[in-house]
Amino acid sequence: EPEVTQTPSHQVTQMGQEVILRCVPISNHLYFYWYRQILGQKVEFLVSFYNNEISEKSEIFDDQFSVERPDGSNFTLKIRSTKLEDSAMYFCASNPDTDTQYFGPGTRLTVL
Amino acid sequence: AQSVTQLGSHVSVSEGALVLLRCNYSSSVPPYLFWYVQYPNQGLQLLLKYTSAATLVKGINGFEAEFKKSETSFHLTKPSAHMSDAAEYFCAVSLAQGAQKLVFGQGTRLTINP
């Protein structure tokens with residue numbers, strides 16, 4: 001059964017550094033999302049992406065964040081200058097144009 | 113705007129007992145409702161969903177949920193808990209299909225006692 005995959009599973013970085021989190025959505029899915037979960041808190045929506053552009057973004061998704069689908073298979077989340085408060089589990093999800101989002105296993109980002 | 117409230121951040125039941133995890137939602141339009149489960153160190157797995165068809169929805173692993181519009185609730189139940197049900201459970205709401213974001217509740221950690 002096809003799955004959403006994410007790499008790396010764990011990323012450690014220094015404050016102020018740029019990080020890129022990578023996701024491979026399920027083939028033929030049309031909608032892509034990033035969510036994050038700070039330890040002990042709820043899962044929060046960051047951004048949705050369709051037809052090579054952002055459909056919606058949350059207040060969290062400020063100018064430090066960007067998304068890209070560079071090659072038709074990968075979907076990336078870039079954080080330009082990481083802050084301590086960016087430490088969280090980041091989940092990618094994809095949707096074939098139905099009501100169901102399929103989530104990847106997540107990337108745990110630790111900012112020191 | 114939509115929102116979800118899950119009553120009880122921790123629920124503990126004995127193996128074989130009824131599991132009841134509570135979820136109430138707020139939505140200005142008819143919602144789509146979901147329960148996801150997160151096992152330790154894993155991603156979110158869809159348990160079941162309500163999308164305006166039958167109000168009693170059956171999902172995987174013996175779980176079911178009933179949509180009650182009058183109570184704005186979508187509680188998750190399982191008649192008999194199994195040790196493998198220990199996990200974090202998230203209720204979520206969206207407006208419709210397509211690009212619509214999911215809005216999650218705080219989550220309920222379910223512990224099963226032997």
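Heads up: the protein sequence lines correspond to chains X and D, in order. Quick note, in the working numbering, the first sequence goes up one by one and the last residue is 112. Quick note, in the working numbering, the second sequence goes up one by one and the last residue is 226. Don't be surprised by glycine CBs; every beta carbon is placed ideally from N, CA and C.
Look at the beta carbons and you see the region 126 to 133 of chain D not touching the region 103 to 112 of chain X: under three pairs across the two are nearer than 8 angstroms.
Within its own chain, the residues whose Cβ lies closer than 7 angstroms to the Cβ of Ser55 of chain X, once the five positions on either side in sequence are excluded, are Ser48 and Phe49, listed in chain order. Within the region 144 to 172 of chain D, the residues whose Cβ lies closer than 7 angstroms to any Cβ of chain X are, in chain order, Tyr144, Gln154, Gly155, Leu156, Leu158, Lys161 and Thr163. Residue pairing from DSSP places Lys170 of chain D in a beta bridge opposite D:Glu176. Looking at the backbone, the Cα of Glu200 of chain D and that of Ser164 of chain D are separated by about 25 angstroms. Using a Cβ-Cβ cut-off of 7 angstroms, Lys181 of chain D does not count as an interface residue toward chain X, since no Cβ of chain X sits closer than that to its own. By the rule that beta-carbons nearer than 7 angstroms mark a contact, Lys213 of chain D touches chain X. The beta carbon of Ser94 of chain X does not come within 7 angstroms of any beta carbon belonging to chain D, so the residue lies off that interface. Sorting X:Gly16, X:Asn74, X:Gln14 and X:Gln41 by C-alpha distance to the C-alpha of Tyr33 of chain X places X:Asn74 at the top. Ser139 of chain D and Leu207 of chain D have their alpha carbons spaced roughly 8 angstroms apart. With a beta-carbon spacing of about 34 angstroms, Val141 of chain D and Ala193 of chain D fall beyond the 8 angstroms limit used to define contacts. Partner residues in the beta bridge of Phe49 of chain X, as assigned by DSSP, are X:Phe32 and X:Ile54.
Where Met89 of chain X is concerned, the enclosing beta strand (DSSP E) starts and stops at Ala88 to Asn95. For the region 40 to 73 of chain X, the beta-carbon criterion of a distance under 7 angstroms to any beta-carbon of chain D is satisfied by Lys42, Val43, Phe45, Ser48, Tyr50, Ser55 and Glu56. Listed along the chain, the chain D residues whose CB falls inside 8 angstroms of the CB of Pro105 of chain X are Gln154 and Gly155. Listed along chain X, no residue sits closer than 8 angstroms to Phe175 of chain D by beta-carbon distance, the nearest being about 16 angstroms off.
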